[in-house]
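Peer 1: Following this message is one structure expressed as structure tokens.
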């Protein structure tokens with residue numbers, strides 16, 4: 010790709026203005042690209058009159074594919090609420106491959122290692138494009154090494170909904186794995202053997218796609234209650250034997266880190282919160298499900314209890330630890346996009362003030378109101394942070410695509426206080442670096458980095474620096490943290506990339522915040538990294 | 010209007026093809042007009058980025074009107090979930106009149122007698138068109154007498170949503186009275202001093218209108234739970250002192266008829282149900298909230314209990330009587346569009362299997378699935394029934410517009426068994442007549458008429474006639490019922506109409522099923538009729 014096609018964006022990254030016939034806008038700042046004034050959303054497709062008494066249940070995936078008249082070249086979407094336990098995508102794609110359909114675009118909300126069979130479908134020309142969402146695990150790494158002709162697009166949870174609603178991502182057929190469904194398409198994720206919690210990632214697909222197919226392994230009488238996705242949007246229901254592996258869908262207990270280093274990071278993150286304006290009665294927070302995040306949830310709860318303050322809501326990927334705060338009476342409400350363990354799923358059924366919210370409600374910046382904008386504080390992870398506080402969550406320093414953006418950039422933009430927690434080194438590789446491989450989240454939306462070697466506050470937040478001076482936390486500049494890291498390991502060698510772009514990193518507003526290029530064959534896959542987020 | 014502009018539709022009514030520049034399609038049969046194949050719904054309007062921490066609360070209605078930049082000639086919508094207790098419409102319209110804004114189109118889901126001040130706004134040119142929903146009570150009667158230059162459009166609950174979604178009814182600003190709201194627009198109808206139950210009629214307006222304003226008198230922390238209408242769609246919230254009169258919003262107890270004649274009608278209706286295919290384990294029914302309907306609910310429950318069958322769901326306007334069936338364990342679920350009494354409202358909060366559903370979910374025929382199509386049986390009222398079983402619910406024989414179509418024509422079309430209950434005479438005026446004043450619901454969707462002088466089955470339902478032969482019910486032909494009525498009162502005199510059309514009766518699919526014309530001044534208003542439905 011000739012350099013003349015590239016333009017420098019607001020985080021200093023060179024991004025293309027055009028690839029083939031498709032135009033791109035460069036990232037211009039976290040709040041610089043509101044929706045076009047007179048542009049409407051895509052008009053949802055009406056149904057055909059389903060005559061009285063009719064339903065839309067078919068017996069096999071093949072029947073469903075024939076009913077929706079799937080064609081070469083169409084765009085299909087799948088969702089990641091079953092995580093590594095998902096069987097839906099592989100079953101549907103195997104059937105499609107067997108039917109000889111080719112040249113499809115896949116629009117998953119995320120891909121996991123379990124979706125490795127997709128690599129063969131890509132090699133065989135069944136799938137020729139991926140418009141995410143994201144690709145992680147084995148598929149992501151294969152893409153980094155040049156698996157696909159066309160770059161894939163990586164979008165945050167909110168950005169993906171925005172793209173669907175605006176028509177940037179047009180979906181011909183949405184396939185929604187639903188743990189509990191009825192014969193006219195009402196469904197939820199909280200009942201049945203493959204219960205996963207919310208179906209939050211699928212709602213926009215259900216509404217805006219040309220055809221919507223629900224795939225279930227557990228049916229109840231019409232209508233199922235609760236109704237997460239409504240019959241209004243679903244045209245086909247398939248009942249198969251098994252849509253997921255429960256053991257891989259929800260963990261029984263996600264464990265808080267036992268590593269004293271990580272526990273210390275969590276404690277310091279809570280000290281930062283406590284010293285900030287965010288720590289008040291009615292605090293609204295998102296802490297996440299990683300090992301450090303769980304410890305933050307626990308310690309924050311302890312401090313709230315001690316100080317006699319109640320939180321208004323906790324949000325995001327919900328765990329037993331969050332639910333227990335509600336049970337203790339120090340957290341009023343929980344808004345869940347993803348439920349990570351059995352306890353959280355059951356709470357969704359049981360607790361009136363624990364509700365499922367869609368990815369759009371959660372994070373679409375072009376709503377009239379978006380929930381991330383309500384957050385007082387969010388605690389997030391990072392694989393790399395640069396000197397401008399730009400955060401990479403998509404690759405490690407090795408340059409291999411492995412993780413999604415998920416809720417990272419959207420909550421960072423929305424929350425009043427955005428804290429990144431990370432060890433300063435991972436597998437003897439610095440996390441704070443001069444330059445990140447890709448920018449997933451712009452530094453202007455990141456306030457604090459808490460590491461095991463000190464805490465750096467974004468100089469844009471002098472107010473916070475002032476407040477933290479009395480908080481007995483080890484304040485450092487980001488440059489100091491980098492120097493400590495480089496002092497231990499030496500300056501890390503950057504991976505070598507070819508020119509070819511393999512992934513477009515789209516910001517929540519639809520602009521390009523960065524691109525990832527194909528890794529030179531010499532580049533090694535990473536091993537032993539702790540996953541950054543769910 | 011010259012006769013050449015009129016065409017005879019499938020129920021034999023002369024309807025216009027065009028008025029001014031607007032075209033109309035004649036009713037062609039209950040299932041003859043599916044959605045146009047490649048026509049999409051209207052694209053909802055995106056919001057502007059609400060920056061972190063911002064809300065959209067303004068202190069007065071005037072502020073809200075200024076914020077949405079209300080203009081002359083725009084279309085405004087209001088809803089009827091507060092029934093005769095509504096203060097929202099009058100307050101907003103008074104403010105608009107004071108601002109000197111003119112030539113507005115009103116798009117209410119329904120109008121009640123409490124909205125009488127509207128008559129002045131119409132006379133003063135503030136409101137020049139009404140696109141319903143419907144107009145009932147004093148406003149309806151004034152329209153019948155020629156109040157408006159332009160005919161109003163009357164739509165069923167499902168037809169109104171269809172019209173909004175297709176763009177036939179374009180709304181510039183939706184005003185939603187919400188008993189409980191938060192500062193970024195999430196709201197529900199189940200909490201607060203003006204609790205009314207669902208906000209089901211407003212959802213389509215919230216999603217598809219250019220601007221959405223929530224008006225409340227009771228606020229909770231963000232987000233309110235439950236969320237009936239989401240922040241995603243609401244751009245402005247106003248907190249005022251008082252949005253409704255609780256005594257007029259929900260009744261404390263709706264009473265079952267004590268009239269032995271009506272009780273007998275109810276018993277016979279239940280006998281018809283019991284003799285039909287509809288009476289089985291898992292029956293799904295809608296019975297309504299009129300005096301006879303409540304008795305049907307009670308008697309049907311008694312028969313189900315006796316026969317050991319359970320209902321899958323009850324639907325529609327919900328009352329204590331319906332909730333008690335659920336509490337007894339003979340009804341599994343309730344789907345509520347409107348809650349008529351305090352007991353039903355509280356049950357919505359308390360009972361997991363009692364859920365609020367939107368008017369679109371309930372009855373929009375152009376959904377991929379619509380709930381009315383699931384009904385085994387619906388029991389409805391009528392002001393007039395003709396020899397083809399066509400039903401009028403909009404006027405009495407006096408020709409005055411008084412009642413909405415509501416859920417009448419949509420449930421009649423959807424249910425496997427549609428029963429009309431009515432006394433054969435009201436105030437010594439026949440209900441069964443040669444010709445109804447207007448057709449609200451086509452006879453092809455009506456199966457049985459149960460009166461105090463006998464039961465007539467639509468000849469299209471020979472299967473039902475066969476089943477009823479053994480049911481010990483007084484079967485008659487519809488002509489026999491007419492003869493009995495006319496034998497008592499003489500053939501009723503028809504009201505005299507002018508040529509001018511005052512109301513267009515739109516079927517759920519958007520076609521014109523009938524028109525109502527301006528009443529000659531000699532025509533008398535009716536008095537003492539029992540309202541037919543809520």
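Chains as they are written, first to last, in the numbering used here: chain Z, 10 to 543; chain C, 10 to 543. Cβ atoms here follow ideal geometry from the backbone N, Cα and C, with glycine treated the same way. Predicted model, so just to flag it, every value in this text is computed and none were measured.
(1) Could you give the DSSP three-state label for residue 496 of chain Z: helix, strand or coil?
(2) Can a CB atom of chain C be found closer than 8 Å to the CB of residue 11 of chain Z?
(3) Report the CB separation of residue 181 of chain Z from residue 219 of chain Z in whole angstroms; it is logged as a contact under 8 Å.
(4) Distance check for residue 416 of chain Z and residue 392 of chain Z, CA to CA, integer angstroms please.
(5) Contact between the segment 288 to 296 of chain Z and the segment 313 to 333 of chain Z: three or more CB pairs below 8 Å?
(6) Once the 5 residues before and after residue 489 of chain Z are set aside, which same chain residues still bring their CB inside 8 Å of it?
(7) By Cβ distance, which residues of its chain are closer than 6 Å to residue 275 of chain C, with the 5 residues on each side in sequence left out?
(8) Output the boundary residues of the alpha helix (DSSP H) element that contains residue 388 of chain Z.
(9) Residue ranges of each beta strand (DSSP E) run of no fewer than 3 residues wholly in the segment 131 to 211 of chain Z, ordered along the chain?
(10) Against residue 200 of chain Z, what residues of chain C qualify as contacts under a CB-to-CB distance less than 8 Å, listed in chain order?
(11) Where residue 524 of chain Z and residue 255 of chain Z are concerned, what is the direct C-alpha to C-alpha distance, given to the nearest angstrom?
(12) When you compare each of C/496, C/138, C/469 to residue 550 of chain C by their alpha carbons, which one comes out closest?
(13) Counting only beta-carbon atoms, is residue 361 of chain C nearer than 8 Å to chain Z?
(14) Could you tell me the distance, in whole angstroms, from the CA atom of residue 373 of chain Z to the CA atom of residue 321 of chain C?
(15) In this structure, how does DSSP classify residue 363 of chain C when only helix, strand and coil are distinguished?
(16) Quick one: what's got a C-beta closer than 7 Å to residue 152 of chain Z's C-beta in the same chain, skipping five residues either side?
(17) Mind checking if residue 204 of chain Z is an interface residue toward chain C, Cβ cutoff 8 Å exclusive?
(18) So the candidates are C/23, C/193, C/48, C/46; which of them puts its Cα closest to the Cα of residue 64 of chain C?
(19) So is residue 433 of chain C in contact with chain Z if we call contact Cβ pairs under 8 Å?
(20) Is the segment 89 to 103 of chain Z touching the segment 124 to 142 of chain Z in the sense that three or more CB pairs, one from each, lie closer than 8 Å?
(21) Residues of the segment 224 to 257 of chain Z with a CB closer than 8 Å to any CB of chain C: list them in chain order, please.
(22) Closest by CA to residue 215 of chain C, which one among C/232, C/195, C/202, C/206?
(23) Residue 2 of chain C lies in the alpha helix (DSSP H); which residues open and close that run?
(24) Compare the beta carbon distance of residue 245 of chain C and residue 67 of chain C with 8 Å and say whether it is the shorter of the two.
(25) Given a limit of 9 Å on CB to CB distance, which residues of the segment 170 to 197 of chain C reach chain Z?
(26) Let me confirm a value: residue 11 of chain Z is counted as buried when at least 16 other C-beta atoms fall within 10 Å, else exposed. Which label applies?
(27) Hey, how far is the Cα of residue 486 of chain Z from the Cα of residue 408 of chain Z?
(28) Enumerated in chain order, which unbroken segments of the alpha helix (DSSP H) with a length of 4 residues or greater are wholly contained in the segment 325 to 362 of chain C?
(29) So, does the CB of residue 354 of chain Z fall closer than 8 Å to a CB anywhere in chain C?
(30) Can you tell which of Z/107, Z/88, Z/296 has the C-alpha that lies nearest to the C-alpha of residue 211 of chain Z?
(31) In or out: residue 530 of chain C buried (at least 16 other Cβ within 10 Å) or exposed?
(32) When you compare only the Cα positions, how much space is there between residue 17 of chain Z and residue 445 of chain Z?
(33) Could you spell out the range, first to last residue, of the beta strand (DSSP E) harbouring residue 465 of chain Z?
(34) Going along chain C in order, which residues have a C-beta closer than 7 Å to the C-beta of residue 451 of chain Z?
(35) Taking contact to mean 3 or more Cβ pairs, one atom from each stretch, closer than 8 Å, check whether the segment 414 to 430 of chain C and the segment 162 to 173 of chain C are in contact.
(36) Do residue 350 of chain Z and residue 237 of chain Z have their CB atoms nearer than 8 Å?
Peer 2: Reading from the atomic positions:
(1) Residue numbering aside, residue 496 of chain Z sits at position 487 when the first chain is read from its first letter. Looking at residue 496 of chain Z - three-state DSSP - the assignment turns out to be helix.
(2) In the first chain, the residue the question calls residue 11 of chain Z occupies position 2. With a pLDDT of only 46 at residue 11 of chain Z, under the threshold of 50, the placement of this residue in the model should not be trusted; the figure read from the coordinates follows. Chain C, which has no Cβ nearer than 8 Å to the Cβ of residue 11 of chain Z, makes this no.
(3) Along the first chain, read from residue 1 onward, the residue named residue 181 of chain Z stands at position 172. Along the first chain, read from residue 1 onward, the residue named residue 219 of chain Z stands at position 210. Right, their Cβ atoms sit about 5 Å apart.
(4) Counting from 1 along the first chain, the entry for residue 392 of chain Z is found at position 383. Counting from 1 along the first chain, the entry for residue 416 of chain Z is found at position 407. Near 15 Å, if we compare the C-alpha coordinates of residue 416 of chain Z and residue 392 of chain Z.
(5) With the cut-off at 8 Å, the segment 288 to 296 of chain Z and the segment 313 to 333 of chain Z touch.
(6) Along the first chain, one-based indexing puts residue 489 of chain Z at 480. Counting only Cβ-Cβ distances below 8 Å, and skipping sequence neighbours, we find 463, 465.
(7) As a first step, residue 275 of chain C must be located in the second chain, where it is residue number 266. Closer than 6 Å at the Cβ level, and outside the excluded window around residue 275 of chain C, lie 301, 304, 305, 308.
(8) The count along the first chain starts at 1 and reaches residue 388 of chain Z at position 379. For residue 388 of chain Z, there is no enclosing alpha helix (DSSP H); the residue is found in the beta strand (DSSP E) stretching over 386 to 389.
(9) You should have 136 to 139, 161 to 163, 182 to 187.
(10) Residue numbering aside, residue 200 of chain Z sits at position 191 when the first chain is read from its first letter. For residue 200 of chain Z, there are no C-beta contacts with chain C under 8 Å, since the nearest C-beta of that chain is about 12 Å from it.
(11) Locating residue 524 of chain Z in the first chain gives position 515, where the first residue counts as 1. Locating residue 255 of chain Z in the first chain gives position 246, where the first residue counts as 1. Taking C-alpha positions only, residue 524 of chain Z is separated from residue 255 of chain Z by approximately 35 Å.
(12) Because chain C is modelled from 10 through 543, residue 550 of chain C falls outside the range shown and cannot be assessed.
(13) Along the second chain, read from residue 1 onward, the residue named residue 361 of chain C stands at position 352. Closer than 8 Å to some Cβ of chain Z, the Cβ of residue 361 of chain C qualifies, so yes.
(14) In the first chain, counting from the first residue as 1, residue 373 of chain Z sits at position 364. In the second chain, counting from the first residue as 1, residue 321 of chain C sits at position 312. If you take the alpha carbons of residue 373 of chain Z and residue 321 of chain C, they lie about 37 Å apart.
(15) By one-based count along the second chain, residue 363 of chain C stands at place 354. The three-state secondary structure of residue 363 of chain C, taken from DSSP, is strand.
(16) Mapped onto the first chain, residue 152 of chain Z falls at position 143. Answer for residue 152 of chain Z: 144, 161, 410, 511, 512, listed in chain order.
(17) Reading the first chain from its first residue, position 195 is the one you call residue 204 of chain Z. Chain C contact via Cβ: absent.
(18) Translated into positions along the second chain, residue 64 of chain C becomes position 55. Here the closest residue by C-alpha is C/193.
(19) Stepping through the second chain from its first residue, residue 433 of chain C is reached at position 424. The Cβ of residue 433 of chain C sits no closer than 8 Å to any Cβ of chain Z.
(20) By the Cβ test, the segment 124 to 142 of chain Z is in contact with the segment 89 to 103 of chain Z, since at least three Cβ pairs between them sit closer than 8 Å.
(21) Against chain C - using a Cβ distance shorter than 8 Å - the residues of the segment 224 to 257 of chain Z are 230, 231, 232, 234, 235, 236, 239, 240, 241, 242, 243, 244.
(22) Here residue 215 of chain C is taken as the residue at index 206 of the second chain, counted from 1. If we check each option's Cα against that of residue 215 of chain C, C/195 comes out closest.
(23) This structure leaves residue 2 of chain C out entirely; chain C is present only between 10 and 543.
(24) Taking the first residue of the second chain as position 1, residue 245 of chain C is located at position 236. Taking the first residue of the second chain as position 1, residue 67 of chain C is located at position 58. Yes, the Cβ-Cβ distance between residue 245 of chain C and residue 67 of chain C is below 8 Å.
(25) So the close ones are 171, 174, 175, 176, 193, 194, 195.
(26) Against the first chain, residue 11 of chain Z aligns to sequence position 2. Per-residue confidence for residue 11 of chain Z stands at a pLDDT of 46, beneath the threshold of 50, marking its modelled position as unreliable; no derived number is given.
(27) Counting from one through the first chain, the residue named residue 486 of chain Z turns up at place 477. Counting from one through the first chain, the residue named residue 408 of chain Z turns up at place 399. Rounded to whole angstroms, the gap between the alpha carbons of residue 486 of chain Z and residue 408 of chain Z is 26 Å.
(28) List check, alpha helix (DSSP H) in window: 329 to 336, 351 to 359.
(29) Here residue 354 of chain Z corresponds to residue number 345 of the first chain, with the count starting at 1. Judged by the 8 Å Cβ criterion, residue 354 of chain Z is not in contact with chain C.
(30) Numbered from its first residue, the first chain carries residue 211 of chain Z at position 202. Nearest of Z/107, Z/88, Z/296 to residue 211 of chain Z, Cα basis: Z/88.
(31) Indexing the second chain from 1 puts residue 530 of chain C at position 521. Taking a 10 Å sphere around the C-beta of residue 530 of chain C, we find fewer than 16 other C-beta atoms and assign the residue as exposed.
(32) By one-based count along the first chain, residue 17 of chain Z stands at place 8. By one-based count along the first chain, residue 445 of chain Z stands at place 436. Roughly 16 Å separates the two Cα atoms.
(33) Taking the first chain and counting its residues from 1, one reaches residue 465 of chain Z at position 456. Per DSSP, the unbroken beta strand (DSSP E) holding residue 465 of chain Z starts and ends at 463 to 466.
(34) Here residue 451 of chain Z is taken as the residue at index 442 of the first chain, counted from 1. By Cβ distance, chain C contributes nothing, its closest Cβ being about 14 Å from residue 451 of chain Z, past 7 Å.
(35) Judged by Cβ distances under 8 Å, the segment 414 to 430 of chain C makes contact with the segment 162 to 173 of chain C, as three or more pairs qualify.
(36) Position 341 of the first chain, counting from 1, holds the residue named residue 350 of chain Z. Position 228 of the first chain, counting from 1, holds the residue named residue 237 of chain Z. No. Outside cutoff.
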